[in-house]
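2 protein chains.
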Amino acid sequence: MDRIRRNERMAALTKILTASPNRIFTLSHFCDLFGTAKSTMSEDIDILKDVLTNFELGRLDTVTGAAGGVRFRPTMSKAEARRIITMLCEELMQSSRLLPGGFLYLTDILSTPSFVRSMGVIIAGQFYDHAPDFVLTMETKGIPVALMTADALGVPLVIARHMSNMFEGSAVHINYETASAGHIETMSLSRRAVQPGQKALIVDDFIKGGGTAKGMTDLMREFNAEVVGMAFVVSTATPKPKRVQGEKPLMLMDVTHGDSPMLSVKPADWLFD
Amino acid sequence: MDRIRRNERMAALTKILTASPNRIFTLSHFCDLFGTAKSTMSEDIDILKDVLTNFELGRLDTVTGAAGGVRFRPTMSKAEARRIITMLCEELMQSSRLLPGGFLYLTDILSTPSFVRSMGVIIAGQFYDHAPDFVLTMETKGIPVALMTADALGVPLVIARHMSNMFEGSAVHINYETASAGHIETMSLSRRAVQPGQKALIVDDFIKGGGTAKGMTDLMREFNAEVVGMAFVVSTATPKPKRVQGEKPLMLMDVTHGDSPMLSVKPADWLFD
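The listed protein sequences correspond, in order, to chains A and B.
Note that the numbering used here numbers the first sequence so that position 149 is 149, with each residue one more than the last.
Each number in the numbering used here corresponds to the 1-based position in the second sequence with 1000 added.
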């Protein structure tokens, strides 16, 4: 390949760094790839750092030390997060989404890549400092958001199931009480999915009473893993308090039951801090 | 903001285009964003096009016509796809992964963002020309790969469930026969998830007899939707043929049952075409 110019390096550098979120690349890696001196590469990195900041496209960090280098973290400003979540709240408040029993149809929102990517970036931004080793979710509807959060954090996703099957190997089962429905269900996770001492970030689509979230924290205790945070797409206004504490929802939902149920969905308070 | 230089534009342009795969951006969009003339923007686009091609980082297409503009498509060369899939096959052939009954533990592979992203890009690359309107999967294990495929294609993901619940609204249920286990199961999908005439790409983690895949095609017929392709992470060597045709697996798995089961996993033949 011919010697490449800074214009070209900037494009390739941007693509490579942003495609592997939260992964540390050494400067040498790029020097080898582009056939460039370290000083030149450092200048490229500085330019990219400023551009990402100025256009609010994420953050480039320089990590010092033996395992040092540069790392891209997807981030979103509070203002942009509020704008997107407010837009989603308005969409969710369409009366056509209200289902019999006061339930809300949000399946489509929860599996549209651009929406779940934004939600994943917003959630990840709250937990980079906690350095979770993996994201934990309970099947099924939270999986896309949880995956995008894990992608932004650069960690694996771990999915708890209602039942273990023969594809999981030996598994840990726990029973948990669904706080709202009040009955006992089973949650299962493969023995090899989590190592003792690891840190878990719980991400799920919905929290009402918090029974499932409580179940996931109990499950992590069985693995001697630590829960460093909990985030949800939607939290119901009632009951309050939940069976878990410190949860971070993106939206708050309130339904007034009755002859014609009234629905309100709004961005969570912390987005306005 | 100060007038920005080409170096800086290249970085921002790359991030914005690659973060929204398969979405068409007008040239004017970027002219407004950067305060640049169309001719300059065109040059930027041409530079980016070449860089992405030279470094095998994806493809930038110029789309002509009234709704024209530029669009980034994640792609992977056959050689790189073979390299990644071969590496995953080797990982899967670790004897520790063989479970009782000749099953294979691949849950971790199927939910590690970087792996499923690569698989999604490889699968999407085979189906851009078919222009699917959505990706369809059956819960649970195929969801991450299916989501990343949908992300690369810039379309929503649709998830069929074993049972409908009150969050789905009215739903279509079909019964299907699991070809391998030979019993009847139910597959369910919300009425509002798919519109008549839409095109579906089926993506799932595993195909053995093809009963579930056949069920998904039957389900799409109920919605008057057309199945334009089927892709799977792993296909078993036997039985052959499957209950569906034209499926595209990434890997082929063969297990010899017996006192000590022998496992072989290799990249699918089409990766060597």
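Glycine residues also receive a C-beta, built at the ideal position from the N, C-alpha and C atoms.
Computed from a prediction, not measured in an experiment: that's the story for all the values here.
As computed with DSSP, residue 1263/B is found in a beta bridge with 1255/B.
Using a CB distance cut-off of 8 Å, residue 1006/B counts as an interface residue toward chain A. Within chain B, the C-beta atoms nearer than 7 Å to that of residue 10/A come from 1007, 1010 and 1011, in chain order. Here the segment 1252–1261 of chain B lies against the segment 1221–1236 of chain B, with 3 or more beta-carbon pairs under 8 Å apart. The C-alpha of residue 1271/B is placed about 8 Å away from the C-alpha of residue 1250/B. Non-local C-beta neighbours of residue 1115/B in its own chain, meaning closer than 6 Å and more than five positions away in sequence, comprise 1109, ordered along the chain. Non-local beta-carbon contacts of residue 1146/B in its own chain, meaning distances under 6 Å to residues more than five positions away in sequence, involve 1135, 1137, 1157 and 1203 in chain order. In the three-state reduction of the DSSP assignment, residue 1273/B falls in the coil class, being assigned neither a helical nor a strand state. In the DSSP secondary-structure assignment, residue 1104/B is bridged to 1098/B. Straight-line measurement puts the Cα of residue 1043/B at about 30 Å from the Cα of residue 117/A. Residue 1128/B has a beta carbon lying at 8 Å or more from every beta carbon in chain A. Contact with chain B is found for residue 105/A, since one of that chain's Cβ atoms lies less than 8 Å from the residue's Cβ.
Secondary-structure assignment with DSSP links residue 138/A through a beta bridge to 160/A. Of the other Cβ atoms in all chains shown, 16 or more fall within 10 Å of the Cβ of residue 211/A; this residue is therefore buried. A direct Cα-to-Cα measurement between residue 267/A and residue 1182/B gives close to 48 Å.
When DSSP states are grouped into helix, strand and coil, residue 188/A belongs to the strand group.
Scanning chain B for C-beta atoms nearer than 7 Å to the C-beta of residue 101/A yields 1166, reported in chain order. A straight line joining the alpha-carbon of residue 164/A with that of residue 1099/B spans about 13 Å.
Using a 10 angstroms sphere on the CB of residue 1095/B, the tally of other CB atoms stays under 16, which defines it as exposed. Contact residues of the segment 230–254 of chain A toward chain B are absent (C-beta to C-beta distance below 9 Å). CA-to-CA, the gap between residue 1201/B and residue 207/A works out to about 32 Å. Chain A places no beta carbon closer than 8 Å to that of residue 1003/B, leaving this residue out of the contacts.
The beta carbon of residue 1143/B sits closer than 7 Å to the beta carbons of 1137 and 1159 from its chain, once the five residues preceding and following it are set aside; these are given in chain order.
Counting along the chain, residue 143/A sits inside the alpha helix (DSSP H) bounded by residues 143–153.
Taken in chain order, the members of the segment 191–203 of chain A whose beta-carbon sits within less than 8 Å of a beta-carbon on chain B are 192 and 193. The Cβ atoms of residue 133/A and residue 155/A lie closer than 8 Å to each other. If the five residues before and after residue 1140/B are omitted, its C-beta is found closer than 8 Å to no C-beta atom of its own chain. Residues of the segment 1047–1068 of chain B with a C-beta atom less than 8 Å from some C-beta of chain A are 1047, 1048, 1050, 1051, 1052, 1054, 1055, 1057 and 1058, listed in chain order. With 16 or more neighbouring CB atoms inside 10 Å of its own CB, residue 1011/B falls in the buried class. Taken atom to atom, the span from the alpha-carbon of residue 1008/B to that of residue 47/A is near 7 Å. Between residue 178/A and chain B, the shortest Cβ-Cβ separation is not below 8 Å. As a beta-bridge residue in DSSP terms, residue 1173/B pairs with 1188/B. Proximity of residue 1172/B to chain A, defined by a Cβ-Cβ separation below 8 Å, is not satisfied. Annotation for residue 1004/B: no beta strand (DSSP E) segment contains it, and DSSP assigns it neither H nor E.
Listed along the chain, the chain B residues whose CB falls inside 9 Å of the CB of residue 143/A are 1111, 1139, 1140, 1143, 1144, 1147 and 1159.
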